[in-house]
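Single-structure report; data block below.
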Amino acid sequence: MTFFVDANVVVYSAVRDSPYREPCVEIMAAITRGEAEGRTSTAVLEEVWQLELSGRVRGLDGLTARAYAILGPLLPVTDESFRRALGLEAPALGANDRVHVATCLTHGIDLVISAHQGFDSVPEIRRVDPLDGPARAALLAG
Amino acid sequence: MFSERLQILISPEQRRALEAEAERREASVASVIRDAIDLRLGTVDRSARLRALEEIRAMQGGPFLTPEELNREVAAEREQQFDLPTAP
Numbered sequence: 166m167t168f169f170v171d172a173n174v175v176v177y178s179a180v181r182d183s184p185y186r187e188p189c190v191e192i193m194a195a196i197t198r199g200e201a202e203g204r205t206s207t208a209v210l211e212e213v214w215q216l217e218l219s220g221r222v223r224g225l226d227g228l229t230a231r232a233y234a235i236l237g238p239l240l241p242v243t244d245e246s247f248r249r250a251l252g253l254e255a256p257a258l259g260a261n262d263r264v265h266v267a268t269c270l271t272h273g274i275d276l277v278i279s280a281h282q283g284f285d286s287v288p289e290i291r292r293v294d295p296l297d298g299p300a301r302a303a304l305l306a307g
Numbered sequence: 077m078f079s080e081r082l083q084i085l086i087s088p089e090q091r092r093a094l095e096a097e098a099e100r101r102e103a104s105v106a107s108v109i110r111d112a113i114d115l116r117l118g119t120v121d122r123s124a125r126l127r128a129l130e131e132i133r134a135m136q137g138g139p140f141l142t143p144e145e146l147n148r149e150v151a152a153e154r155e156q157q158f159d160l161p162t163a164p
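Right, here's the structure in full:
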């Protein structure tokens with residue numbers, strides 16, 4: 166089962182003192198080992214990179230390159246994705262997250278793993294929260 | 077650079093699936109095949125992927141920000157790059 170990995174999963178895998186840390190590392194580990202088919206996009210890693218370069222969360226140096234090594238090849242944000250994003254009825258989501266949803270739909274993915282509850286407002290996709298143990302286990306079991 | 081030519085036989089079902097995927101992505105069948113190869117076999121070798129995972133596991137980033145705060149920080153970083161005026 167292919168799922169889409171949101172930026173917060175990547176970031177939380179590298180942030181200490183958070184209940185998200187271990188679940189997000191578990192997700193990244195399953196993808197690394199080829200046990201789970203997690204994909205992400207250029208737009209998601211651009212967000213991670215912005216955060217890394219900003220220094221607003223300290224200690225993220227090198228995170229984007231490492232995440233790329235694990236999650237590459239990335240899904241492209243195509244013309245169709247962007248057109249779909251513009252047409253999405255998703256008031257709880259900002260522009261970036263609408264592009265992520267549209268990227269999923271363009272690539273036939275209807276499952277997003279993310280801590281951001283805003284995705285719950287989009288009927289076309291289902292969100293799994295990294296803290297939801299049973300749902301996470303089912304996702305990683307394929 | 078793509079320099080290696082590979083000729084293979086596939087089933088009609090596989091061909092239909094490839095063409096449907098290419099149409100959905102607005103991409104060529106060749107790019108769909110290349111992407112599938114990269115996804116299955118990886119463009120980065122396994123040891124590099126495992127090393128990247130261990131390096132992430134060792135990172136000690138912080139502070140923790142909520143997803144909404146992360147989105148705001150990314151937006152703020154972009155605004156700063158574009159040197160947009162802040163609201164009064």
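Chains A and B are the protein sequences, given in the same order. Just so you know, we're using the working numbering here: the first sequence kicks off at 166 and counts up by one. Just so you know, we're using the working numbering here: the second sequence kicks off at 77 and counts up by one. In this text, a Cβ means the ideal position worked out from N, Cα and C, and glycines have one as well.
Contact list for B:D111 against chain A, beta-carbon separation under 8 Å
Translated into the one-based positions of the second sequence, residue 111 of chain B becomes position 35. The contacting residues are P238.
Residues in the segment 180-200 of chain A with C-beta within 7 Å of chain B's C-beta atoms, listed in sequence order?
V180, R181, D182, S183, V190, M193, A194 and T197: these are the residues of the segment 180-200 of chain A whose beta carbon lies less than 7 Å from some beta carbon of chain B, given in chain order.
Cβ-based burial, A:R181 [other Cβ within 10 Å; buried from 16]:
Numbered from its first residue, the first sequence carries residue 181 of chain A at position 16. That one is exposed.
In the DSSP assignment, the alpha helix (DSSP H) including A:G252 goes from what residue to what residue?
In the first sequence, counting from the first residue as 1, residue 252 of chain A sits at position 87. Start and end: D244 to G252.
Rounded C-alpha distance that separates A:H272 from B:S107
Here residue 272 of chain A is taken as the residue at index 107 of the first sequence, counted from 1. Here residue 107 of chain B is taken as the residue at index 31 of the second sequence, counted from 1. Straight-line spacing of the CA atoms in A:H272 and B:S107 works out to 13 Å.
DSSP state of A:E200, grouped into three classes?
Residue numbering aside, residue 200 of chain A sits at position 35 when the first sequence is read from its first letter. Note: A:E200 maps to coil in three-state DSSP.
A:N173 to B:R101, Cα distance in whole Å?
Start at 1 with the first residue of the first sequence, and residue 173 of chain A comes out as number 8. Start at 1 with the first residue of the second sequence, and residue 101 of chain B comes out as number 25. As the crow flies, the alpha-carbon of A:N173 is around 26 Å from that of B:R101.
Quick one: what does DSSP say A:F168 is sitting in, helix, strand or coil?
For the purposes of this step, residue 168 of chain A is identified with residue 3 of the first sequence, where counting begins at 1. Residue state, collapsed to three classes: strand.
Name, going along the chain, the residues of the segment 115-132 of chain B whose beta-carbon falls closer than 7 Å to a beta-carbon of chain A.
Of all residues in the segment 115-132 of chain B, only L115, T119, V120, A124, R125, L126, A128, L129, E131 and I132 place a beta-carbon less than 7 Å from a beta-carbon of chain A.
With respect to the beta strand (DSSP E) encompassing B:I84, which residues constitute its N-terminal and C-terminal limits?
Here residue 84 of chain B refers to the residue found at position 8 of the second sequence. Careful: B:I84 lies outside any beta strand (DSSP E) and carries neither H nor E.
Using the C-alpha atoms, what's the distance from B:D159 back to A:T243?
Taking the first residue of the first sequence as position 1, residue 243 of chain A is located at position 78. Taking the first residue of the second sequence as position 1, residue 159 of chain B is located at position 83. Their backbone Cα atoms lie some 27 Å apart in a straight line.
For a test of the three-state rule: what should DSSP assign to A:V222, helix, strand or coil?
In the first sequence, residue 222 of chain A corresponds to position 57, counting from 1. A:V222: coil per DSSP, three-state reduction.
Going by DSSP, which residues form a beta bridge with A:I278?
As a first step, residue 278 of chain A is located in the first sequence; it is residue number 113 there, counting from the start. In DSSP, A:I278 forms a bridge with A:V170 and A:V293.
If contacts are defined as beta-carbon pairs under 8 Å, then A:A255 and A:V287 qualify, I think. What distance do you get, rounded to the angstrom?
Here residue 255 of chain A is taken as the residue at index 90 of the first sequence, counted from 1. Here residue 287 of chain A is taken as the residue at index 122 of the first sequence, counted from 1. Cβ-Cβ separation between A:A255 and A:V287: approximately 5 Å, consistent with a contact (criterion under 8 Å).
Mapping DSSP to helix, strand and coil, what is B:L141?
The residue you call residue 141 of chain B lines up with position 65 of the second sequence. In this structure, B:L141 counts as coil in the three-state DSSP scheme.
Inter-residue spacing [alpha-carbon to alpha-carbon] between A:L236 and A:A257
Sequence index remark: in the first sequence, residue 236 of chain A carries index 71 (1-based). Sequence index remark: in the first sequence, residue 257 of chain A carries index 92 (1-based). C-alpha separation (whole angstroms): 27 Å.
Establish whether the CB of B:Q90 and some CB of chain A are separated by less than 8 Å.
As a first step, residue 90 of chain B must be located in the second sequence, where it is residue number 14. No, B:Q90 does not count as interfacial toward chain A.
Within a Cβ cutoff of 6 Å, which residues of the same chain sit near A:A201, ignoring the five residues on either side of it in sequence?
As a position in the first sequence, residue 201 of chain A is number 36, starting the count at 1. Annotation for A:A201: A195 and L305 place their beta carbon closer than 6 Å to its own, counting only its chain and skipping 5 residues before and after.
What separation, rounded to the nearest whole angstrom, lies between the Cα atoms of A:L225 and A:T167?
Within the first sequence, the letter at position 60 stands for residue 225 of chain A. Within the first sequence, the letter at position 2 stands for residue 167 of chain A. Straight through space, the alpha carbons of A:T167 and A:L225 are spaced by roughly 27 Å.
Is the Cβ-Cβ distance between A:P299 and A:I192 less than 8 Å?
The residue given as residue 299 of chain A occupies position 134 in the first sequence. The residue given as residue 192 of chain A occupies position 27 in the first sequence. One thing to note: A:P299 has its Cβ no nearer than 8 Å to the Cβ of A:I192.
Out of A:E212, A:T197 and A:D285, which one is the CA nearest neighbour of B:D121?
For this step, residue 121 of chain B is matched to residue 45 along the second sequence. If we check each option's Cα against that of B:D121, A:T197 comes out closest.
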